[in-house]
Amino acid sequence: MKIGKEEFRTFRGYDLDARQKKTLTPSMEDYLEMVYRLSEKNGFTRVNDLARALNVKPPSVTSMIQRLHERQLIRYEKYGVIILTEAGEKISRFLLKRHHMLEKFFQAIGVSRGLLKNVERIEHNLTPEATQCLYLLVEYIEKNPAWFKPFQEYCRKNLE
Numbered sequence: 141m142k143i144g145k146e147e148f149r150t151f152r153g154y155d156l157d158a159r160q161k162k163t164l165t166p167s168m169e170d171y172l173e174m175v176y177r178l179s180e181k182n183g184f185t186r187v188n189d190l191a192r193a194l195n196v197k198p199p200s201v202t203s204m205i206q207r208l209h210e211r212q213l214i215r216y217e218k219y220g221v222i223i224l225t226e227a228g229e230k231i232s233r234f235l236l237k238r239h240h241m242l243e244k245f246f247q248a249i250g251v252s253r254g255l256l257k258n259v260e261r262i263e264h265n266l267t268p269e270a271t272q273c274l275y276l277l278v279e280y281i282e283k284n285p286a287w288f289k290p291f292q293e294y295c296r297k298n299l300e
């Protein structure tokens, strides 16, 4: 069935398209984003630090790090440090920027409980176009707070 110009699919059907294009999985994105966060100070991180930050076991980190190494997104040697490659750093900066933008968006529309949970659930499922439109919306809201204030007041009244 078509809706507009697009063919309707289930959520998994869209996900299959992404896997066939060899895009990053949501877990890969989470690992890259966290490696970037942890590396900001020293330029590197370690398996145990990453495991603690993501609340996973070190063997899980090692497995994912090997996959990211195969894609040339990180440099890693067994028992050594984890360093983002230039390509990995570029992707990681984008992922962190997207994450922060979604936090701002959810805060602007009045989400106060489960903010991180909502960001994590949606950030991996946006198309590039939807991401860009949300960036523009958040930027517009920040530059024009008076424009958005009536919506925020409406939410406060109706979400109680």
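The opening residue of the sequence shown carries number 141 in our numbering; numbering runs sequentially from there.
Ideal Cβ placement from N, Cα and C applies to all residues, glycine included.
Using the rule of at least 16 other Cβ atoms within 10 Å of the residue's Cβ for burial, across every protein chain shown, is residue i buried or exposed?
i, result
"L224", "buried"
"I205", "buried"
"R296", "exposed"
"G228", "buried"
"I214", "buried"
"E301", "It is not possible to answer for residue 301, since the shown part of the chain is limited to 141 through 300."
"E263", "buried"
"Q160", "Confidence is the limiting factor: at Q160 the pLDDT is only 45, short of 50, which leaves the residue's position unreliable, though a coordinate-based value still follows. Its Cβ having fewer than 16 others within 10 Å, Q160 is exposed."
Using the C-alpha atoms, what's the distance from residue j back to residue i?
i, j, result
"L276", "V196", "34 Å"
"Y294", "Y219", "54 Å"
"I281", "F245", "9 Å"
"N298", "V251", "13 Å"
"A286", "Q212", "46 Å"
"N188", "S200", "11 Å"
"A191", "P198", "5 Å"
"P166", "N182", "25 Å"
"R186", "R177", "12 Å"
"L266", "E217", "33 Å"
Do you know whose CA, among the options, lies nearest residue i's CA?
i, options, result
"L208", "F288, D170, P285, C273", "D170"
"K289", "N182, P268, Q247", "Q247"
"L194", "Q212, T202, M174, S203", "M174"
"E180", "R233, P198, L274", "R233"
"E279", "K237, R261, N258, H264", "K237"
"Q272", "M241, R253, E260, K283", "M241"
"H239", "V259, I249, E226", "V259"
"L164", "Q292, R253, L235", "L235"
Going by DSSP, what residues sit across from residue i in a beta bridge?
i, result
"Y216", "I222"
"T185", "I222"
For the putative contact between residue i and residue j, defined by C-beta atoms under 8 Å, what is the C-beta separation to the nearest angstrom?
i, j, result
"I231", "L172", "6 Å"
"E269", "L255", "E269 to L255, Cβ: 24 Å. No contact."
Are the C-beta atoms of residue i and some chain D residue less than 8 Å apart?
i, result
"L274", "No chain D appears in this structure, which consists of one protein chain only."
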